[in-house]
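Asker: Pasting a structure below so you can have a look.
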Amino acid sequence: MRFSFLAMLALLVCQQASAAARIEHWLAASGARVYFVNTPALPMLDVRVVFDAGSARDGDQYGLAALTMALFGDSSGPWTADQVAEQFEAVGAVFGNGVSEDMAWLSLRSLNENALFDKAFATFKQVVAHPAFAAADFQREKNLMLASLQQRQETPGAVASEAYRKALYRDHPYGHLSEGRPETVAALELPQLQDFYRRFYTTANAIVVIVGDADRRRAERIADDLLADLPRGEKAPELPEVVLPVASSESHVDFPSSQTHVLSGMPGVARKEADYFPLYVGNHILGGGNLVSRLFNEVREKRGLAYSASSQFNPMYRPGPFTMGLQTRNDQTKQAVEVMNSTLRDFIASGPSDAELQAAKRNITGGFAMRVDTNGKLLEYATMIGFYQQPLDYLDTFSAKVEAVSAAEIGDAFRRRVKPELFQTVTVGGG
Amino acid sequence: MRMKLAAALLLTPFWGAQAASGDVHEQTLSNGLKVLVKEDHRSPVAVSQVWYKVGSSYEPQGITGISHMLEHMMFKGTQAFPAGEFSRIIAENGGQENAFTGDDYTAYFQTVEKSRLEICFKLEADRMRNLDLRADELTKELQVVTEERRMRTDDQPHAKLLEQFNAVAFVNSPYRNPVIGWPNDIANYTVADLQAWYQKWYAPNNATLVVVGDVSADAVFELAKRYFGVLPSGEITPLKPALEAPQSGVKKVTVKAPAKLPSVLLGYKTPVLKTAESEKEAYALEVLAALLDGGESARLPARLVRGREIAVSVGAGYDLSSRLSSVLTLDATPAQGRNVYELEQALKEQVDLLRDELVGDEELQRIKAQVLAKDIYQKDSNFYQAMELGMLETVGLGWRKADEYVDRIHRVTPEQVRDAARKYLREDNLTVAYLDPQPITEAPKPAKFTGGHHAF
Chain A
1034 MRFSFLAMLA LLVCQQASAA ARIEHWLAAS GARVYFVNTP ALPMLDVRVV
1084 FDAGSARDGD QYGLAALTMA LFGDSSGPWT ADQVAEQFEA VGAVFGNGVS
1134 EDMAWLSLRS LNENALFDKA FATFKQVVAH PAFAAADFQR EKNLMLASLQ
1184 QRQETPGAVA SEAYRKALYR DHPYGHLSEG RPETVAALEL PQLQDFYRRF
1234 YTTANAIVVI VGDADRRRAE RIADDLLADL PRGEKAPELP EVVLPVASSE
1284 SHVDFPSSQT HVLSGMPGVA RKEADYFPLY VGNHILGGGN LVSRLFNEVR
1334 EKRGLAYSAS SQFNPMYRPG PFTMGLQTRN DQTKQAVEVM NSTLRDFIAS
1384 GPSDAELQAA KRNITGGFAM RVDTNGKLLE YATMIGFYQQ PLDYLDTFSA
1434 KVEAVSAAEI GDAFRRRVKP ELFQTVTVGG G
Chain B
35 MRMKLAAALL LTPFWGAQAA SGDVHEQTLS NGLKVLVKED HRSPVAVSQV
85 WYKVGSSYEP QGITGISHML EHMMFKGTQA FPAGEFSRII AENGGQENAF
135 TGDDYTAYFQ TVEKSRLEIC FKLEADRMRN LDLRADELTK ELQVVTEERR
185 MRTDDQPHAK LLEQFNAVAF VNSPYRNPVI GWPNDIANYT VADLQAWYQK
235 WYAPNNATLV VVGDVSADAV FELAKRYFGV LPSGEITPLK PALEAPQSGV
285 KKVTVKAPAK LPSVLLGYKT PVLKTAESEK EAYALEVLAA LLDGGESARL
335 PARLVRGREI AVSVGAGYDL SSRLSSVLTL DATPAQGRNV YELEQALKEQ
385 VDLLRDELVG DEELQRIKAQ VLAKDIYQKD SNFYQAMELG MLETVGLGWR
435 KADEYVDRIH RVTPEQVRDA ARKYLREDNL TVAYLDPQPI TEAPKPAKFT
485 GGHHAF
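Protein sequence lines, in the order shown, are assigned to chains A and B. Using the working numbering, you'd call the opening residue of the first sequence number 1034 and step up by one each time. Using the working numbering, you'd call the opening residue of the second sequence number 35 and step up by one each time.
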């Protein structure tokens, strides 16, 4: 009796904990979807706007989305880039922005004290809605991006990432990295950026995410105000389906490094697919777990072949990559790749043991509280849920979905989705 | 003028709030283990960190990197929990764990749902005194660490530059050695070396246990007593001071490495909180570094990346909480058509300005506003809060320095910044390192490690 009472108490505490991270959702006056999490403990507020304007929208102008984004935070409305930076920092606010394949985002972190926040927000609003696209800013940002593309070619890992992406997706919009390539970025002109901005930076193509110490009414005002000066526009078109490779391939790039970096895999799973949970739990056992996984054990713990050996699914709007990776001394590359491949082969053939599955579930569900224990993490989850239109109770049902995964489902999902006969393997190194 | 005043007024209420928040509870067990607890009830989680007063700056020549090697071996088991058990048990309890080594510390951590704190203590207490160092495990882990060094340093041009910079800037300070160790030293560690290092430094009286999260301090102290309190103290021999010999003239080094862009790194010998004549100097240097690189509105990005457009990246670094005197660094990568010597000159001009002119109120206020705000933002992370306490305690400054930080920065004056620049940012105190890029010819060709088209 006492035990069941304690269990009930524990349950209540758990529910309170997850209720504290409740995601509220509504439509802003502009029609954009808004996602809000009220976390009153710290006097701070995060505001983020996300556009469906990632590098998958580049067309053949690789780097277009990223360079467009680089101009946000430069001259905006009546202000120069210097003034924008000074205004944020004078009130301790932090402005951030970036692009991935799917998303383009701008974010503001500020103290929530009204007078400080209002000043930061007024600057943020100008940055989001009135970027000047000044010619001088454009030329400078383009030069910075070209320099960073050169630096990307300085390390074998970065060279491998680019070659790997191309091998997996070929001409699909996911087939290039967001930063583009030196020759495509060099060819970009300001009017192309302005066209891109007009087309994709619209309220029909935006979501707003707010996390922090504010009540619902204030959050509503923030979201409405932020988008008030943006045109309605149109939703971006659907991205094309991913076409899987028809055969495996291996490619090697000679590089003057002491290690060879290896990436191997194929297009994996999309964010909204039902296979996601079995693949996620299965991969945790194969190579996703922290210091405990089959790849870590076989490559590092048993043989000392690499510092890191892991695998991951990177779910995106369309199936993002499933990747196994390691780095090893040039002359033992063959051995390391064989260990990696046979580890995967065994896993696909026989799936996880019951003990492995139970251990993985205990790790994932037992650690759930750490997924949502900061405003920063909640902001990431709310963004993911909002952008990919996951159910609002995604976090509440997460642990139950993990618990429900069976060994048979993992085996089935891996056999259907992870096919070594279609793997693209890229090696970059010397020797 | 109005803007600046408004900002100052608006910020004032927070000074009081900052000082009052975040009570740290402290207790020292009878065996000398110091326990620090900070309650943070936002989420039902806790982070547990064990900090040892040992790191690469404690190492004599010949065994550089041994603290880091020992950190790896700490995951290789005890009699009670053989190799792999520690990580398996933490994982099964939903925990995340790892460890890190620096110049001045070695630390081990777990993040868990709060009810699992006990298992962390049980395992950490066990490996504090009972590590089972085995030759077969060392052989494998030596290879792992060698791969780690290749990945982090040997194949990274900027990491190589920094490594050579430190080796040249410091004559006899142990900060001349890399945390991961020199390759030849790594290749020659023995089990006996590691055993001796473990005996010398791993004891409750040379450690600090830090817990931050949804816990009660009293309960944590009880738990700490039960698991750590029974461990015997060790005999800890104080370190020799190893004070850096004075520098008398600029030093320059060139590092050739496969790379695409050149860069330049300048470092001025500077004191830190622990070694400065007055702590005010260290806080002034902290503000000085922020004036140069504390945000997008700071001088280096505003003047060299925007403004003159002669650099594609810039940076300034100063760590006021190291154990020994260190360097304040400036670095830059030239824009197309510029070279490292022009950039070196441009960085020195910014140093001259700091020596010659007093920083304006508005600019200084902006630095202080950012420090204040960051102090709040950092409370979002239990892990960061625990790190700050553990690190300050371990370098010998004491955790209370964390509470003083915002206020001490607030009190820095334009004159103190100028005086610190005049005293320490001098040519005779300077080391300059240049990255001289060597060609990378990427040559795609068919992979040689597989015979056919199908890898499997």
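Every residue, glycine too, gets a C-beta built ideally from N, C-alpha and C.
Taking Cβ positions only, does A/N1316 come closer than 8 angstroms to chain B?
Answerer: Against the first sequence, residue 1316 of chain A aligns to sequence position 283. Using a Cβ-Cβ cut-off of 8 angstroms, A/N1316 does not count as an interface residue toward chain B, since no Cβ of chain B sits closer than that to its own.
Asker: Give the DSSP-derived three-state secondary structure of B/Y142 in the structure shown.
Answerer: Taking the second sequence and counting its residues from 1, the one referred to as residue 142 of chain B is at position 108. Looking at B/Y142 - three-state DSSP - the assignment turns out to be strand.
Asker: Where does A/P1215 sit, in a helix, a strand or coil, going by DSSP?
Answerer: Here residue 1215 of chain A refers to the residue found at position 182 when the first sequence is read from its first residue. Helix at A/P1215.
Asker: By Cβ distance, which residues of its chain are closer than 6 angstroms to A/P1273, with the 5 residues on each side in sequence left out?
Answerer: Within the first sequence, numbered from 1, the residue matching residue 1273 of chain A stands at position 240. Nothing meets the Cβ criterion.
Asker: Within 8 angstroms of any Cβ in chain B, is that where the Cβ of A/R1448 sits?
Answerer: One-based indexing of the first sequence puts residue 1448 of chain A at position 415. Not one chain B Cβ lies under 8 angstroms of A/R1448.
Asker: Count the CB pairs spanning the stretch 78-98 of chain B and the stretch 141-148 of chain B that are closer than 8 angstroms, and state whether there are at least three.
Answerer: yes
Asker: Which residue comes first and which comes last in the beta strand (DSSP E) that contains B/W231?
Answerer: The count along the second sequence starts at 1 and reaches residue 231 of chain B at position 197. Premise fails: B/W231 lies in the alpha helix (DSSP H), V225 to W235, not in any beta strand (DSSP E).
Asker: Is there a Cβ from chain A that is less than 8 angstroms from the Cβ of B/S331?
Answerer: Locating residue 331 of chain B in the second sequence gives position 297, where the first residue counts as 1. Yes - at least one Cβ of chain A is within 8 angstroms of the one on B/S331.
Asker: Measure from the alpha carbon of B/E152 to the alpha carbon of each residue in B/L322, B/D453 and B/V254, then state which is nearest.
Answerer: As a first step, residue 152 of chain B is located in the second sequence; it is residue number 118 there, counting from the start. Here the closest residue by C-alpha is B/V254.
Asker: Which two residues bound the contiguous alpha helix (DSSP H) that contains B/S101?
Answerer: Taking the first residue of the second sequence as 1, we reach residue 101 of chain B at position 67. Element bounds for B/S101: I100 to M107.
Asker: Between B/T288 and chain A, is the shortest Cβ-Cβ distance under 8 angstroms, so that the two count as touching?
Answerer: For the purposes of this step, residue 288 of chain B is taken as residue 254 along the second sequence, with counting starting at 1. With 8 angstroms as the cut-off, B/T288 does not count as an interface residue toward chain A.
Asker: Among B/Y302, B/F262, B/V298 and B/Y232, whose alpha-carbon lies nearest the alpha-carbon of B/Q281?
Answerer: The count along the second sequence starts at 1 and reaches residue 281 of chain B at position 247. Out of B/Y302, B/F262, B/V298 and B/Y232, B/Y302 has the C-alpha closest to the C-alpha of B/Q281.
Asker: From which residue to which residue does the beta strand (DSSP E) around B/K285 run?
Answerer: Residue mapping note: residue 285 of chain B aligns to position 251 of the second sequence, counting from 1. Looking at the DSSP string, the run of the beta strand (DSSP E) that includes B/K285 is K285 to P292.
Asker: Helix, strand or coil for B/S55, going by three-state DSSP, please let me know.
Answerer: Sequence index remark: in the second sequence, residue 55 of chain B carries index 21 (1-based). Its pLDDT being 43, under 50, B/S55 is placed unreliably by the model, and nothing is read from it.
Asker: With a 10 Å radius around its C-beta and 16 neighbouring C-beta atoms as the bar for buried, classify A/V1286 as buried or exposed.
Answerer: Locating residue 1286 of chain A in the first sequence gives position 253, counting from the first residue. Buried is the call here.
Asker: Answer yes or no: does any C-beta atom of chain B fall closer than 8 angstroms to that of A/Q1184?
Answerer: What you label residue 1184 of chain A is simply residue 151 of the first sequence in a count that begins at 1. It does; some Cβ of chain B falls within 8 angstroms.
Asker: If A/V1435 and A/V1314 are in contact, beta carbons under 8 angstroms, what's the gap, nearest whole angstrom?
Answerer: The residue labelled residue 1435 of chain A in the question sits at position 402 within the first sequence. The residue labelled residue 1314 of chain A in the question sits at position 281 within the first sequence. Between A/V1435 and A/V1314, the beta carbon gap of about 6 angstroms places them in contact (Cβ cut-off 8 angstroms).
Asker: With the cut-off set at 8 angstroms, would you say B/L307 and B/T363 are in Cβ contact?
Answerer: Within the second sequence, residue 307 of chain B is the residue found at index 273, counting from 1. Within the second sequence, residue 363 of chain B is the residue found at index 329, counting from 1. Their beta carbons are not under 8 angstroms apart, which means B/L307 does not touch B/T363 by this criterion.
Asker: Distance check for A/A1162 and A/L1259, CA to CA, integer angstroms please.
Answerer: Start at 1 with the first residue of the first sequence, and residue 1259 of chain A comes out as number 226. Start at 1 with the first residue of the first sequence, and residue 1162 of chain A comes out as number 129. A/L1259 and A/A1162: Cα-Cα distance of roughly 8 angstroms.
Asker: Compare the C-beta of B/I344 against all C-beta atoms of chain A and say whether one is closer than 8 angstroms.
Answerer: For the purposes of this step, residue 344 of chain B is taken as residue 310 along the second sequence, with counting starting at 1. Taking Cβ atoms only, chain A never reaches closer than 8 angstroms to B/I344, which makes this a no.
Asker: Just verifying my parser: in three-state terms, what is the DSSP assignment at B/S297?
Answerer: One-based indexing of the second sequence puts residue 297 of chain B at position 263. Residue state, collapsed to three classes: strand.
Asker: Out of B/P217, B/A230 and B/R260, state which residue places its alpha-carbon closest to the alpha-carbon of B/T180.
Answerer: As a position in the second sequence, residue 180 of chain B is number 146, starting the count at 1. Of B/P217, B/A230 and B/R260, the residue nearest in Cα terms is B/P217.
Asker: Output yes if chain A places a C-beta closer than 8 angstroms to the C-beta of B/T140; else output no.
Answerer: Translated into the one-based positions of the second sequence, residue 140 of chain B becomes position 106. False, the Cβ-Cβ gap to chain A never drops below 8 angstroms.
Asker: Using a Cβ-Cβ cut-off of less than 7 angstroms, list which residues of the stretch 1291-1324 of chain A approach chain B; keep chain order.
Answerer: S1291, Q1292, G1322, N1323 and L1324
Asker: Short of 7 angstroms in beta carbon distance, which residues of its chain neighbour B/S55, apart from the five on each side in sequence? Order them along the chain.
Answerer: Translated into positions along the second sequence, residue 55 of chain B becomes position 21. Confidence is the limiting factor: at B/S55 the pLDDT is only 43, short of 50, which leaves the residue's position unreliable and the question unanswerable from this model.
Asker: Keeping to the same chain, check which residues put their C-beta closer than 7 angstroms to that of A/A1303; ignore five residues upstream and five downstream.
Answerer: Counting from one through the first sequence, the residue named residue 1303 of chain A turns up at place 270. So the qualifying residues of the chain are P1348, M1349, Y1350, R1351 and P1352.
Asker: In whole angstroms, give me the CA-to-CA distance for A/V1461 and A/T1376.
Answerer: Within the first sequence, residue 1461 of chain A is the residue found at index 428, counting from 1. Within the first sequence, residue 1376 of chain A is the residue found at index 343, counting from 1. About 22 angstroms.
Asker: Could you list which residues in chain B have their beta carbon closer than 7 angstroms to that of A/R1081, in chain order?
Answerer: Taking the first sequence and counting its residues from 1, the one referred to as residue 1081 of chain A is at position 48. Using a Cβ-Cβ cut-off of 7 angstroms, A/R1081 is close to nothing in chain B; its nearest Cβ partner there is about 15 angstroms away.
Asker: Taking only three categories from DSSP, how would you classify A/L1210?
Answerer: For the purposes of this step, residue 1210 of chain A is taken as the residue at position 177 of the first sequence. Coil.
Asker: Relative to the alpha-carbon of B/N240, which residue among B/L265, B/L398 and B/N211 has its alpha-carbon at the smallest distance?
Answerer: On the second sequence, position 206 is the one that residue 240 of chain B refers to. Ranking the options by Cα distance to B/N240, first place goes to B/L265.
Asker: For the candidate residues B/V213, B/E278, B/P292 and B/M107, whose alpha-carbon lies nearest to that of B/T173?
Answerer: Taking the first residue of the second sequence as 1, we reach residue 173 of chain B at position 139. Of B/V213, B/E278, B/P292 and B/M107, the residue nearest in Cα terms is B/M107.
Asker: Thinking just about the alpha-carbon of each residue, which of B/T367, B/R183, B/I214 and B/I123 is nearest to the one in B/A467?
Answerer: As a position in the second sequence, residue 467 of chain B is number 433, starting the count at 1. The residue among B/T367, B/R183, B/I214 and B/I123 with its C-alpha nearest the C-alpha of B/A467 is B/T367.
Asker: Tell me the residue span of the beta strand (DSSP E) that contains B/N132.
Answerer: The count along the second sequence starts at 1 and reaches residue 132 of chain B at position 98. Annotation for B/N132: the continuous beta strand (DSSP E) segment containing it runs Q130 to T135.
Asker: Pairs of beta-carbons, one from the stretch 1136-1149 of chain A and one from the stretch 1120-1127 of chain A, closer than 8 angstroms: are there three or more?
Answerer: yes
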